[in-house]
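Numbering (this note's numbering), first residue to last: 5 to 52.
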């Protein structure tokens, strides 16, 4: 990743902390979204 070059700079900390929280959150939301679609499809009787 590009961020490893500027590891000596601690001024970029807040942005990196935000990215480290946002990326897993987005992935988690996408996973939950897919799961909810599958659950709703199964509940409506659709066979995948």
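Here a beta-carbon is modelled for each residue, glycine too, at the ideal position from N, C-alpha and C. Every value quoted in this text rests on a predicted model; they were computed, and no experiment measured them.
Rounded to whole angstroms, what is the Cα-Cα separation between residue i and residue j?
{"i": "residue 40", "j": "residue 18", "result": "32 angstroms"}
{"i": "residue 44", "j": "residue 28", "result": "24 angstroms"}
{"i": "residue 24", "j": "residue 38", "result": "22 angstroms"}
{"i": "residue 42", "j": "residue 26", "result": "24 angstroms"}
{"i": "residue 46", "j": "residue 30", "result": "24 angstroms"}
{"i": "residue 32", "j": "residue 20", "result": "19 angstroms"}
{"i": "residue 49", "j": "residue 36", "result": "20 angstroms"}
{"i": "residue 34", "j": "residue 22", "result": "18 angstroms"}
Between which two residues does the alpha helix (DSSP H) harbouring residue i extend?
{"i": "residue 17", "result": "17 to 47"}
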